[in-house]
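Sequence positions in the sequence shown follow mature numbering (1 follows the signal peptide of the UniProt record, and there is no 0) and run -32 to -1, 1 to 350.
Each residue gets a CB set at the ideal place from its N, CA and C atoms; glycine is no exception.
Remember, predicted model here, so these are calculated numbers, not experimental data.
Heads up: the structure comes next, in structure tokens.
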Amino acid sequence: MFVPDNSLISCAGLKRFVPLLACLLLPVTLQAADDKTELQLKDHFAEQFKIGAALSEAQILDKKPGVLDLVAQQFNSLTAENVMKWEEIHPSPQQYNFSTPDKLVSFGQKHDMYMVGHTLLWHQQTPDWVFEDEKGNLLERDSLLERLQLHINTVLGQYKGKVQAWDVVNEAFNEDGTLRDSKWLAIIGPDYIEKAFEYAHQADADIALYYNDYNLFKPAKRKAVVKLVKQLQSKGIRIDGVGIQGHYALDYPDLNEVENSINAFADTGVTVMFTEVDVSVLPFPDEDNQGADISLDMALQQQFNPYADGLPSDVEQQLAQRYKQIIDLFIKHQQKIDRVTFWGVDDGQTWRNDWPMTGRTDYPLLFDRELQLKPFVKDIIN
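This is the structure in structure tokens:
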């Protein structure tokens, strides 16, 4: 939090003797680059956790004026929304597309940001050729492991010393805690997760290695990931953290269960991150499948797109209250949480506008479509 020098010293001193809330209640007088009085999230939460954002390809390429300036001002951690996923960064056997990821990493380095690579292994957005030989037949286990290791070595080699952490494996579990039925599992077997972490550590021993998933508040899924962490640890395989994707809604999920997951993962000795935070205000067409399964694709129905012309004030108040509850939970467990990353910068580019129905109008982030910080965020922090 940027305050006059004497206030900053006072806040630091207070932190030793009174709860953090005392510091948070100090007046927010934060100076932006254009001399306007404006809140800077990364400074305000500097003593609690990193504040991150995921950037789309269009944003990385600066196609919407003002976004990168806003990101540099507000955030101190960056994640690529899509451009480091396999189909984007390694679309064919002999082709690697490093141009756009390089721009993201250079931007992060310029502004001294914590860079998180996303992701090395996922069942989605992985080209079919990865699992096939030149004749289109499925690979055998050893051949697929060799291909996985080559991919990890090449990508991590490109960003060694520039990217500080990687989501090594993404979304490997079903909601009931069983391993997801994927080609990785079918060809390699259940130890494919272990192999991915082993290869990543061998490729770059200096980076942090994370497992990342959604709906980790669900007891069965939570239990499975805790078991995974302990299994890796028991075998001497490095895992540094668990990323809890925070794709939430106004009444979903029960934050008591989210808190239980924070504690459960922290108890294993790894770092906890909230990696993809957003809060949808829209009704969801399939209550049993809320989360982040991008395979869901439904035709647009107007009853599930009620706010195309703007967000009513009463719903905005509900969003404010929900974000307050979530931020309160993060603050409560700040000693266990290393990073809070929002899955997007502003409402205009959020994936929530197109999932699970393309063309919806959602309002899930802290900045609106004009790149303005929503007033309720300042109210929460004050």
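Find out if the Cβ-Cβ distance for the pair residue i, residue j is shorter than 8 Å.
i	j	result
A288	I348	yes
I120	Y167	yes
E143	K189	yes
K53	Q93	yes
M83	N44	no
G145	K191	yes
T309	T47	yes
K304	I230	yes
K346	L7	yes
R290	D315	no
Y178	D135	yes
G209	A232	no
F165	L200	yes
F17	Q302	yes
L36	L339	no
Tell me where the alpha helix (DSSP H) around residue i begins and ends.
i	result
V226	223 to 234
S67	67 to 78
K189	187 to 202
W97	Here W97 belongs to no alpha helix (DSSP H), and DSSP marks it neither H nor E.
residue 435	What the structure shows of the chain is the stretch from -32 to 350, and residue 435 is not part of that stretch, so it cannot be assessed.
W90	Note, W90: premise wrong, no alpha helix (DSSP H); beta strand (DSSP E) at 82 to 90.
S111	109 to 126
L9	9 to 12
Y291	281 to 300
F344	343 to 349
V39	35 to 42
I57	54 to 57
A154	151 to 156
What does the Cβ neighbour count give for residue i, buried or exposed, with the cut at 16 atoms within 10 Å?
i	result
P332	buried
G237	exposed
Q317	buried
E244	buried
P69	buried
L106	exposed
K10	buried
A26	exposed
G327	exposed
P33	exposed
R148	exposed
A154	exposed
Q77	exposed
P343	exposed
A22	buried
L72	buried
D172	buried
A276	exposed
S60	exposed
L334	buried
N138	buried
D254	exposed
L116	buried
If I follow the unbroken beta strand (DSSP E) through residue i, where does it start and stop?
i	result
N138	133 to 138
A22	18 to 23
R307	305 to 310
L177	176 to 181
L46	45 to 48
G211	209 to 212
V245	239 to 248
Alpha carbon to alpha carbon, how far is residue j from residue i? Give it in angstroms, no decimals.
i	j	result
L112	W152	8 Å
Q126	N180	22 Å
H91	A140	8 Å
D96	V226	35 Å
V247	E284	11 Å
I28	Q62	24 Å
P221	F66	37 Å
A40	N50	20 Å
L297	H215	15 Å
N224	H58	40 Å
D219	Q258	11 Å
N321	D282	20 Å
R206	G278	47 Å
Say the cut is 7 Å; is the CB of residue i nearer than that to a heavy atom of the ligand ZN?
i	result
I349	Although the ligand ZN was asked about, the structure shown includes no ligands whatsoever.
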